[in-house]
Every structure is written in structure tokens, then in C-alpha cells.
Amino acid sequence: MSNHTKNFNLFFSLTISSLLYTLNASAITMLDAIAAAKNNSPILKQMALQKDIALEQMKMAKSDMLPSLSTSFSYNYNDMNNPEMMQGSSSSSLGQFSTSISMPIFTGFAASTRYKMATIGIESRRLSQEQSLVDLVAQVKKIYLSALTIKRSLMAAELAVTNLEAHLLDAKKLYADGMISKDDVLKSEVGLANSKQSSRIIKTEMKSIVASLNILMGQPITSEIEFDDASDSVDWTEKNQGVYKSEIVDLDVDDLIMSAEMRRAEIKLMEKSVAKSDLAIKLAESGYYPTVSLTANHNESYNFPDHSRSEFIGVMVNWKIFDWGKTRSQVRSSKLEKEIILSQYKNIIDNIRLEVHNAYIEALLAYENIDAAKVTLAQSKESWSLTNELYKQGRTTSTEVLQAQSSYTQAESSYYATYFGYKIAMTSLNRAIGKKE
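Residues in the sequence shown are numbered consecutively from 8, following the working numbering.
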């Protein structure tokens, strides 16, 4: 059987195996993975529940500004049976019924302030949910792109195995013809074994990355996934894959920082925290004011055979005159809390600016490395082809062939690591400016 026939059979076998794996696994696109992660994310579900809690807290705060109605009823029956008493026995029954309505008129702005704080709480929960979504989408994209990188590395490793298997056959033929030494054959066998080991290591890495994506998608951790690499052949800058419409070289870092300051949920959250701290000061200052409420009562009493009733309506004023400086300390504490929040606000803005700046220069570096990696790949591929032909002619050694194959495999893996590394860097940049999708 000729070497060409053996190579064809090996290639056919690998193709069939790959096809069977594809049929048995579920092929997903990046958008499929993002959609599944959104639907199954426990963090997003927690955020939705927390938003519902904030809504209920707002309703409770609003109820404190509305009138309240309460009612009570009690009944007592006393049966006394004493032979020593002149009258022998006696009994009595007492029933009481009361209804009251109370409405706050003035609470020192406490009730309205609590309501405003609760309203801000709802918006804060929404912003937290938004930030969690941005983080989740970025995480899924990075894992998916990492999987595509590993997939390409695996393809390069399997190609290396195929090439080295063919090389080993050539070495054995040359050895049989007395053109090379046994040592050359042994080197070819060692090179093939090392290449197979590298392939197994990459397959393990793929299993690990698939498990991570399964967790995010809410699937069993051992579920097989076939990644849809149709996106490999399209212009990523024209697709909604979380990459800018224009390349990194067309973007300005100052514009990106400005965009982040307008978009990032963390900044909006801190703005809400500052507003809430102002309300907290106002709430503490409400202790300086009296509280006024309108109260109306209706009471009925039944002491058989007597019956009485009474109604009254009035205004109740409660004013704490002296509390040993407690209210003053509460106000002072709230003002100090605001100073802390303002300091945190500035720190977050600085960190976001730095994050955008670093993400930008990393994406720019990754973009600039793509062309160099492409040239290196083309050169190493040509070097491998020439070295392999020279070996078949007996004009070079197995060491040179193995080194050329190793360089070729490394260059191919490096190219795709650089290519998808740029996409990952752009995903990080999108996340840094608060882009949702």
C-alpha cells in the first residue's frame, strides 16, 4: 500500500470520526450559548427576585403615608357559684368592640423620605441586574472563544499526528532501503508519541472548557458540545458577536472612556447611592421634627344588660424634646456615610477608566500581532513541506523534520490563539465600556 493511500485512509478515518462526533453532539453558536446562559443563570434569577423584593419594600414604604384601619373585640364571661354568699350565685359578661382609623399628617418628612429611598432601591436592583447580565454575556463569549481556540489547536495537533505518522512510514522505508540509521526511526517514533500526547492534553483542555460552558448554560456538566465555527470564516467586525463594527485601530481610547462613564452600571449605581445618602441624612434629620397624626375611634361596651358607646376624633402630636444627642449623632453618622460613598464613587470611576485603558491597549496589541502570526504560520508551513520532501530524498534528518513539524504546529496554534485572543480582548473592551450585547 502506498504512502498516499495510507494517508488518504487515515484522513478518511479522522473525517468520519469527526462527523460522527458532530452528529452525536449538539452544535451551538455563540448566540445560542448566550441565550441558554440567560435563561438558566441563577445569578440573574437572584437579581430578579431581589428586584421584586425592592418593589415590595417600596409598597410598604408607601403604605406608611396612607391611613390605616384596625379593629378589636374582646368578650369575658364570669360565672361565680358560692354557697356561702347570701345570693347564692351570680354571673356577669362583658363585651368590648373598638374600631380606629389613624392617618399620618406630618412625620418630619420621614415617611416620604423612606418612600423615595425605596424607589431608588428598585432602580439600584435593576442596575445590578443589568451589570450581572453584562458580566454573564462577557463570560460566555470568552469561554466560547477560548473553546474555538482550543478546537483549532486540537486540529493542528491532530494534523501533526497525521503528518508524523506518514513521516514514520517514510523513515521505516528509508531504513529498509539502508538510507538512514535505526536512530532516525526511533526519533520519528518518539516524535509521534509526543505529538499524540500533546493531542490528548488539548482534548482534556477542551473537556474542561466544555464543562465550564455547560455550567453557565444550565446543562449537565458532562454534556457534549460541538461548537459552531461558521463564525471563523466570516468578518467578525460585521456580525453581532460582541465585537465593534470597526476595528480597534479605528477607535479612540478617550471616546471609549467617555462611553464607559455614560454606560457602566456601577457608575449609575454609585450615583443612586449618593442620592440615597442624601435621603438618609434627611431621614435622620426628621428626628428634629414633631410627628402629627389624625386619629378617630369608635368604641362599644356590652355589660349585660347595659350597653354604652363612644366616638372621638382628634389630632395627636408627638415631639421628642431631648434624647441625649441621639438624633444629632444619627445625622452626623449619615453625613459621614455620604463622604465614604463619594470617595467610593471617585475610586470606581478611576478604576473603570483604568480598566478601559488597559483593555484598549491589550486589544490593540492583539490586533497588531495577528499579521505577524499569519506570516509566521505561512513560513513554518512552507518550511515543514520543504523539509519533509528533503527527508524523503535522504537529504536531511528526522531531527530536522520533527523540528519543522513542531514549529509548524506551534505557529498554527499561536496564530489561532492570537486571532481569537483579539476577539477575547475586544469582548473585554466591550464589557469595560458596559456594552450589553
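Here a beta-carbon is modelled for each residue, glycine too, at the ideal position from N, C-alpha and C.
Note that the structure is a prediction, hence the values are computed from the model and not measured.
Check whether the Cβ atoms of residue i and residue j sit closer than 8 Å, and answer yes or no.
i	j	result
residue 71	residue 133	no
residue 136	residue 51	yes
residue 74	residue 109	yes
residue 339	residue 264	no
residue 281	residue 349	yes
residue 355	residue 274	yes
residue 317	residue 306	yes
residue 429	residue 373	yes
residue 185	residue 409	no
residue 411	residue 220	no
residue 202	residue 175	no
residue 103	residue 77	no
residue 287	residue 336	no
residue 187	residue 370	no
residue 192	residue 179	yes
residue 163	residue 416	yes
residue 285	residue 345	yes
residue 54	residue 139	yes
Cα separation between residue i and residue j?
i	j	result
residue 206	residue 200	10 Å
residue 141	residue 124	26 Å
residue 158	residue 152	10 Å
residue 296	residue 111	14 Å
residue 303	residue 271	51 Å
residue 189	residue 182	7 Å
residue 114	residue 38	53 Å
residue 230	residue 165	23 Å
residue 60	residue 131	12 Å
residue 440	residue 266	6 Å
residue 211	residue 391	27 Å
residue 34	residue 236	9 Å
residue 407	residue 386	15 Å
residue 143	residue 366	18 Å
residue 84	residue 101	6 Å
residue 413	residue 363	37 Å
residue 389	residue 397	12 Å
residue 436	residue 262	12 Å
residue 258	residue 368	11 Å
residue 283	residue 204	59 Å
residue 331	residue 301	29 Å
residue 279	residue 58	15 Å
Since residue i sits in a beta bridge, which residues does DSSP pair it with?
i	result
residue 102	82, 309
residue 233	34
residue 108	76, 303
residue 325	298
residue 427	Paired residues: none, contrary to the question.
residue 319	304
Suppose the cutoff is 6 Å on Cβ atoms and the five residues either side in sequence are ignored; what does the same chain contact list for residue i look like?
i	result
residue 425	376, 377, 380
residue 177	399
residue 320	303
residue 145	434, 438
residue 251	In this prediction, residue 251 scores a pLDDT of 38, lower than 50, which makes its location untrustworthy; the coordinate-derived value is nonetheless stated afterwards. Same-chain partners within the cutoff: there are none.
residue 309	102
Give me, in chain order, the residues of the same chain whose beta-carbon lies closer than 7 Å to that of residue i; leave out the 5 immediate sequence neighbours on both sides.
i	result
residue 427	152, 155, 156
residue 117	290, 293
residue 216	150, 153, 154, 157
residue 69	122
residue 384	418, 419, 422
residue 324	297, 299
residue 352	277, 281
residue 403	394, 397
residue 326	297
CB-CB under 8 Å to residue i, same chain, minus the five flanking residues each way: which ones, in chain order?
i	result
residue 7	The structure shown does not extend to residue 7, since the chain is modelled only from 8 through 444, so no value can be given for it.
residue 358	none
residue 234	34, 35, 151, 154, 155, 158
* Can we say the stretch 221–239 touches the stretch 38–46, given the rule of at least three CB pairs closer than 8 Å? -> yes
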